[in-house]
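>
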């Protein structure tokens, strides 16, 4: 008998449909431009708070239980999708992202509490600082990419929206990638 496969889990906040539709409309003129990245479909847009990677199935219940107080300690907050940028250099761009403004300190504190929960359960956590962003697309390595493309969204300002919940999502890779909700907690 084989052991159950680890689950690829992450904590996230998903903006409301109206905020995502507004961003999608602003992004439309860039979609077919030369050097554009491979775009992430809007139904998969979210703000990752903490990526956990492979979590053994028998550890999921304790993660869910431990995360509840960390989320409950979070006051309500309002965010806005605004501006854009890239990870990677201008000549070798990697990720095209939309920025996040509003209560970024509160969002960062929440991400920090969730990282502390994971560390407390002896789960590996990346040590790089949290940077709120929404991934819009990825450039393929070795292919020409226009690293200046995010500059065209520099003036974008979306709608303000209240964060209502935090989700624990499972990422499924493959020909039809998707995210499934494992748990969710109300905020504020």
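Numbering (the working numbering), first residue to last: 5 to 192. All residues carry an ideal CB built from backbone N, CA and C; glycine is no exception. Remember, it's a predicted structure, so these values are computed and weren't measured experimentally.
(1) Could you say if the segment 50-64 and the segment 151-163 meet the contact criterion of at least three C-beta pairs nearer than 8 Å?
(2) State the Cα-Cα distance for the pair residue 186 and residue 71, rounded to the nearest angstrom.
(3) Whose C-beta lies closer than 7 Å to the C-beta of residue 99 among residues of the same chain, with five residues either side of it excluded?
(4) Are the segment 14-33 and the segment 165-176 touching, with three or more C-beta to C-beta distances below 8 Å?
(5) Given the structure, does residue 84 come close to the ligand NAP, in the sense that its CB is under 7 Å from one of the ligand's heavy atoms?
(6) Could you give the C-beta distance for residue 149 and residue 41, rounded to a whole number, given that I count them as a contact under 8 Å?
Let me spell this out:
(1) No, they do not touch.
(2) So the alpha carbons of these two residues sit roughly 12 Å apart.
(3) Hits under 7 Å: 90, 91, 92, 139 and 142.
(4) The segment 14-33 makes contact with the segment 165-176: 3 or more CB pairs, one atom from each, lie closer than 8 Å.
(5) As for the ligand NAP, it is missing from this structure, which has no ligand bound.
(6) That pair is a contact at about 7 Å.
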